[in-house]
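To start, the structure under review is shown below, and the notes come after it.
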Amino acid sequence: MSKDGFQMYLLSADGNIFNKTHGQVYQDMTQPLSHYYISSSHNTYLMEDQLRGPSSTEAYIRALMKGCRCVELDCWDGPNSEPVIYHGYTFTSKILFSDVIKAIKNYAFKISPYPVIISLENHCSVDQQETMARHLHSILKDTLLVAPIDSKGTKLPSPEQLKGKILVKGKKLTTETEEVSDEDEAAEMEDEIVKSEVEKKKSSDKLKLAKELSDTVIYCKSVNFQGFAESQPYDEMCSFSEGKVLKVAQESGIDLMHYNVQHLSRIYPAGWRTDSSNYNPIEMWNMGCQIVALNFQSRCSEMDIHQGRFQENGGCGYILKPEFLRNEQSKFNPRSITEGPWYSPKKFQVKIISGQQLPKVNKSKNSIVDPRVIVEIHGVQRDNGKNQTKVIDNNGFNPAWNETFEFAIDVPQLALVRFMVEDFDASTKNDFIGQFTAPFTSLKQGYRHIHLLTKSGDQYPSATLFVHINIWDSC
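My numbering puts the first residue of the sequence shown at 139, with every later residue one more than the last.
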């Protein structure tokens, strides 16, 4: 093999740090939905912030094309009897519910054949709810799930069984009532302003639910969290704010993990994040929460972690949770690691050798980039770690570091590794150049290239890191 041929090999999929077999669907897709992490978006309609930013069907298309499998629709009464979607009680622009459903129909299965969940936050009158139901049926047609896969089922169906189907998550009528209770309605409101308005309503003004819309909810019935003592039907699910779920995890972590074996749970950002910033999803995933919704419109380290988690299994938007998060007898507690099937301590050694064609991202600066590489481990608390190389002055073309770092990882099945390159500046904030995040279990050993991604999560044409990876058992 010639020198050029060898270089091409190193830069090919065979020389990539990411295991190419994980770039296709390789996991068991026949287990209940609750056994999977599900790529999920919060306030999907927004392109920017949550107070004045534009709403657009393009935001749904972008999310679905990134592999998102759960999108959110905040529905309000609109003119001409047509429901609209926007962030209530704010100045965000409005888009038609029907246009969003058309976008979902057209793009739901371009990237992945596995089910899409439409998460409804419903503020509409009964008349406009009936219109919503009509649009769901007429636009989605046979892709809309309208009946249980198994009428006598005792657990959620699998992604395989639901291939090509769109599910609706929302409130569902009981046989006794046509109204949503104060508690249940407010529980589904994620924004504090909206929630306070709901809670001010007189009981006579409480949301009435149209039977036609209620009937579209099959497996994802939203209910208020009442604690873990009560037995709950498998098709009911709860939503938690990031703060609430961390409090529950602190008080009853193992109970939460067990709940997530049979039931879906959805996590959403705190109401104060009006700038569309994100929380770190790792701790929620560590508890087995499936629908951990992030603001896709904000590109940040948290979205890098999200993209890294979901790039394996063919980027299909569903990742099978480790066995110890699918077992109701499991004693796993990510905050207190003990011996168990999850405990498989590894040593992870990475040598950052060099970089190739690192771009100058901040065009307003005249100087050539001064690159530095940061390596981060994200997993259970005791596995979290970070190291960084020295800064190489004025060289983005072929900087060489030749620095070696070593990390101890006790729960490898929950760990992600993030490589980030930044342009160091002594007087101002360092500029992001590129990054790559992947599950620890998807990394290949030996001499490897890391193909860096832009801030928006797209791959650079030629910017890479050259590294050597070594992993061994540490016990």
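C-beta: ideal position from N, C-alpha, C; glycine also.
Among all the DSSP beta bridges, which residues are the ones paired with residue i?
i: Q494; result: T602
i: I457; result: Y175
i: D569; result: D561
i: T542; result: K489
i: G523; result: I515
i: W480; result: None, per the DSSP bridge assignment.
i: L311; result: L311 is not bridged to any residue.
i: K359; result: G308, E374
According to DSSP, simplified to helix, strand and coil, what is residue i?
i: M558; result: strand
i: M139; result: coil
i: Y147; result: helix
i: L197; result: Note that residue 197 is Ala in the sequence shown here, rather than Leu. Three-state DSSP puts A197 in a helix.
i: V163; result: coil
i: N416; result: coil
i: H444; result: helix
i: T575; result: strand
i: V284; result: coil
i: F235; result: helix
i: Q597; result: strand
i: W423; result: helix
i: I609; result: strand
i: D212; result: strand
i: L184; result: strand
i: K158; result: helix
Based on Cα-Cα distance, which residue from the options lies nearest to residue i?
i: T159; options: L581, M375, I512, C438; result: L581
i: K524; options: N533, V163, F543, S612; result: F543
i: N362; options: S377, K349, S468; result: S377
i: L554; options: A538, H516, G584, I547; result: H516
i: A387; options: Q400, I405, P371, Y372; result: I405
i: Q165; options: P497, I242, G452, S276; result: G452
i: E560; options: P251, L552, G572, K528; result: G572
i: Y357; options: Y417, E374, G226; result: E374
i: S455; options: V254, F144, T566; result: The question names Ser, but residue 455 in the sequence shown is Gly. It is V254.
i: E450; options: C438, T579, A271, Y224; result: T579
i: I233; options: F247, C213, K243; result: C213
i: G409; options: G226, M203, T168; result: G226
i: F574; options: T281, S502, I512, N533; result: I512
i: E380; options: R464, V518, S403, K528; result: S403
i: P251; options: V549, S296, S565, D393; result: S296
i: Q445; options: I420, Q551, K469; result: I420
i: T269; options: D152, T168, M395, I239; result: I239
i: D611; options: Y481, L171, K469, Y372; result: Y481
i: Q551; options: L463, D569, T476, H587; result: L463
i: P599; options: L149, F144, Q145, D142; result: L149
i: K301; options: F247, K346, R556; result: F247
i: S594; options: Q145, F448, M441; result: M441
Grab me the residues of residue i's own chain with a C-beta within less than 7 angstroms of its C-beta, minus the 5 sequence neighbours each way, in chain order.
i: G191; result: L184, M185, T230
i: G391; result: M425, N471, R473
i: K459; result: H173, Y174, Y175, G426
i: N608; result: Q487, Q583
i: A241; result: T195, Y198, I199
i: V507; result: L496, K498, G534, D561, I571
i: K349; result: L311
i: S360; result: K307, G308, K309, E326, M375, S377
Work out the CA separation of residue j and residue i for me, nearest whole Å.
i: H606; j: E541; result: 10 angstroms
i: Y245; j: F235; result: 16 angstroms
i: F156; j: L603; result: 13 angstroms
i: Q597; j: K310; result: 42 angstroms
i: V222; j: S193; result: 10 angstroms
i: A546; j: F486; result: 6 angstroms
i: G493; j: G205; result: 29 angstroms
i: P479; j: C613; result: 14 angstroms
i: A285; j: N418; result: 35 angstroms
i: Y224; j: E259; result: 11 angstroms
i: K293; j: Q400; result: 7 angstroms
i: N500; j: A576; result: 26 angstroms
i: N465; j: S369; result: 17 angstroms
i: V383; j: E389; result: 10 angstroms
i: S658; j: W539; result: Since the displayed the chain opens at 139 and closes at 613, residue 658 lies outside it and no answer follows.
i: N504; j: M422; result: 42 angstroms
i: K290; j: Q299; result: 15 angstroms
i: M558; j: V518; result: 20 angstroms
Residues in the same chain with beta-carbon distance under 6 angstroms from residue i, minus the five sequence neighbours each way, listed in chain order, please.
i: Y585; result: H606
i: I530; result: P509, P537
i: C438; result: N416
Give me, in chain order, the residues of the same chain whose beta-carbon lies closer than 8 angstroms to that of residue i; leave out the 5 immediate sequence neighbours on both sides.
i: D215; result: P221, V222, H261, C262, S263, Q266
i: V355; result: V306, K307, G308, K309, K310
i: T182; result: A197, Y198, A201, C206, V209, E210, L211, F434
i: D563; result: K503, D508, D569
i: Y147; result: M139, G153
Give a yes or no on whether 9 angstroms exceeds the smallest Cβ distance from residue i to chain C.
i: K489; result: Any reference to chain C falls outside this structure, which holds one protein chain only.
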